[in-house]
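These notes concern the structure reproduced below.
Protein chains: 2
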Amino acid sequence: MIEKPASKAQAITSEVRRRIVDREWRQGDRIPDEAELAVEFGVARATVNKALQLLAEEGLLDRKRRAGTHVTVNPARKTTLTIPIVREQVEGAGMEYSHRVVAQKLSPLPADIAARMALTEGAALIHLRTVHYGDSRPFQVEDRWINPEAAPGAELIDFQRINANEWLVRNFPWLRNDMAFSAENANARDARLLETRQGAALLVLQRTTFNDLGAITSVRLAFHPGYQMLATP
Amino acid sequence: MIEKPASKAQAITSEVRRRIVDREWRQGDRIPDEAELAVEFGVARATVNKALQLLAEEGLLDRKRRAGTHVTVNPARKTTLTIPIVREQVEGAGMEYSHRVVAQKLSPLPADIAARMALTEGAALIHLRTVHYGDSRPFQVEDRWINPEAAPGAELIDFQRINANEWLVRNFPWLRNDMAFSAENANARDARLLETRQGAALLVLQRTTFNDLGAITSVRLAFHPGYQMLATP
DNA sequence: TAGTGGTCTAGACCACATC
DNA sequence: ATGTGGTCTAGACCACTAC
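These protein sequence lines are chains A and B, in that order.
Residue numbering for the first sequence follows the UniProt record's numbering, starting at 1 and increasing by one per position.
Residue numbering for the second sequence follows the UniProt record's numbering, starting at 1 and increasing by one per position.
In structure tokens, the structure reads:
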């Protein structure tokens, strides 16, 4: 079954990708310039430009003014990762979503989180610990700090009723975010909340979001053992 | 310090993002159509189109013909992850890179890997186990299967001399790849090769790449304990 | 069926890096 | 100095889908 390309630009993208994969154009080679390709494919130069820019973003091509377009030698390729919303993730897997707030109170900010949020240690932030369930089995534990300066109104919300992430995301779009993946051995609390054994390897996502008022929230998400995060191709 | 936008489209992207973050345009709101914005910003419609498409890819806007452009209600935002090349990663951290091939031989493919590669169980593939070092401390262990059908010539390569990933990436560009992150407790072999204790939590990246001849390679990369993978914003 | 975004075109000017 | 990609424009036609 041959895919029908959605647009001329897409068709050119595919064809160029094919030539690279089939090694008609080798790594390091210079490919014909936009004007030539426009003639070959019978389209305007802008269309070729769009197609080649796609491949450049993908990391397959290197483009430079005057030097022309070359097939990348050591392509460090990129993938997009969709930051999922827990509820959608759980419900998408055909399970029923629920969550339980284990703790919600104003607390002084510890040093490590303060550094991540670029705030001063000891500042009073909302500290929230939540367990997210799929069909009443623990799916993820969340340890979140919320900065009421950047998210005014957060003090008044009962996050037992409204999922903190959803409330934040709906009310405070962010400008910038830091994100890191790591693996951690479950500590005693993780183990209890995730109903697993201490020491189990957990995939941990640490994320801090900012708007123009500063850090909005910083959260540590620890997934249940065996969880896999898939990159969308 | 105000950033000078590189292009008109970029400037429009920033301005629209600002309006959303500052809640001039609320989540769910319909924003003016392209023609109106083109007049407002004094540019051609194509320029507005480009700017808004960027924000739509980012997940901030929902665009539909006839319905117009709306601010996304529950933005499931996306991030791009750069798949790093081990050597560059190590050298980028100011360490000296080296690697050691622990095993390289033709072996029958186990069932789980066969499923990932869409090949038949028991097929003869090149099986490679490698440890990557930074300043002679273990950085990552690699367990790789290479399909000589899709990567002809691989049988003849001495991967002690040439890093398998670099050889593959230079010679066999891929069309498609599957990728998954997870956390695993170090097994006995992981622990030995990474010079850590058994049971330590390891960040594991499992990746399979394909070209038009089928699966090229499937690899499990286990990073040293404490490793963090950062998403590039 | 009409309004909106999706795409394409032909042409133009510019910025940059190499020649 | 000059060839290449980067960007923009004005206009056009089309495809989708909400109305």
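C-beta atoms are modelled at their ideal positions from N, C-alpha and C, and glycine is treated no differently.
Does the separation of the CB atoms of residue i and residue j fall below 8 Å?
i       : j       : result
A103(A) : H127(A) : yes
L81(B)  : A231(A) : yes
D29(A)  : V71(A)  : yes
N171(B) : R170(A) : no
E149(A) : L213(A) : yes
R161(A) : D143(A) : no
T79(B)  : I146(B) : no
P138(B) : H224(B) : yes
A56(B)  : R63(B)  : yes
A180(A) : M179(B) : no
R17(B)  : I83(A)  : no
L175(A) : F210(A) : yes
R87(A)  : N163(A) : yes
V219(B) : F159(B) : no
Would you please verify whether the beta carbon of residue i is less than 8 Å from any beta carbon of chain B?
i       : result
T80(A)  : yes
N211(A) : yes
I216(A) : no
A183(A) : yes
E88(A)  : yes
A118(A) : no
E166(A) : yes
M95(A)  : no
Q53(A)  : no
Q228(A) : yes
G92(A)  : no
A115(A) : no
R19(A)  : no
P148(A) : no
A231(A) : yes
E15(A)  : no
I85(A)  : yes
A44(A)  : no
R170(A) : yes
Got a sec: is the Cβ-Cβ distance from residue i to anything in chain A below 8 Å?
i       : result
W27(B)  : According to the sequence as given, residue 27(B) is Gln; it is not Trp. Interface residue, yes.
P75(B)  : yes
L203(B) : yes
R220(B) : no
A11(B)  : no
L60(B)  : yes
P173(B) : yes
G199(B) : yes
A191(B) : no
V48(B)  : no
A180(B) : yes
M1(B)   : Low per-residue confidence applies at M1(B): pLDDT is 43, beneath 50, and the placement is therefore not dependable, though the value from the model is reported in the following sentence. No, its Cβ sits nowhere closer than 8 Å to a Cβ of chain A.
Tell me, to the nearest whole angstrom, how far the beta carbon of residue i is from that of residue j; I am working on the premise that it is less than 8 Å.
i       : j       : result
L60(A)  : P108(B) : Their Cβ separation, rounded to whole angstroms, is 34 Å, which puts L60(A) and P108(B) out of contact at 8 Å.
A51(B)  : T13(B)  : 5 Å
A215(A) : T208(A) : 6 Å
T69(B)  : I31(B)  : 5 Å
Y227(B) : L193(B) : With a Cβ gap of about 14 Å, Y227(B) and L193(B) do not count as contacting.
Using the beta-carbon count (16 or more within 10 Å), is residue i buried or exposed?
i       : result
Q206(A) : buried
V48(B)  : buried
N187(B) : exposed
T120(A) : exposed
E24(B)  : exposed
A183(A) : buried
L106(B) : exposed
D190(A) : buried
E96(A)  : exposed
I2(B)   : Residue placement at I2(B) cannot be trusted, given a pLDDT of 45 that sits under 50; what the coordinates show is reported in the next sentence. Exposed, by the Cβ-count rule.
E195(A) : exposed
Q89(A)  : buried
A114(B) : buried
E34(A)  : buried
A6(A)   : exposed
V39(A)  : exposed
field: Minimum length 3: unbroken beta strand (DSSP E) runs contained in the segment 69 to 111 of chain B
entry: 78 to 82, 97 to 108
- request: Please go through the UniProt domain "HTH gntR-type" (6 to 74) of chain A and give each complete alpha helix (DSSP H) segment of 4 or more residues, from N-terminal end onward.
  value: For the UniProt domain "HTH gntR-type" (6 to 74) of chain A, whole alpha helix (DSSP H) runs of length 4 or above, ordered along the chain, are 8 to 21, 34 to 41, 45 to 58.
message: Which runs of the beta strand (DSSP E) at least 3 residues long sit entirely within the segment 168 to 206 of chain A? Give them in chain order.
response: 176 to 185
message: Suppose only complete runs of 4+ residues qualify. What are the alpha helix (DSSP H) ranges in the segment 104 to 150 of chain A, listed by chain order?
response: Within the segment 104 to 150 of chain A, complete alpha helix (DSSP H) segments of at least 4 residues are found at 111 to 117, given in chain order.
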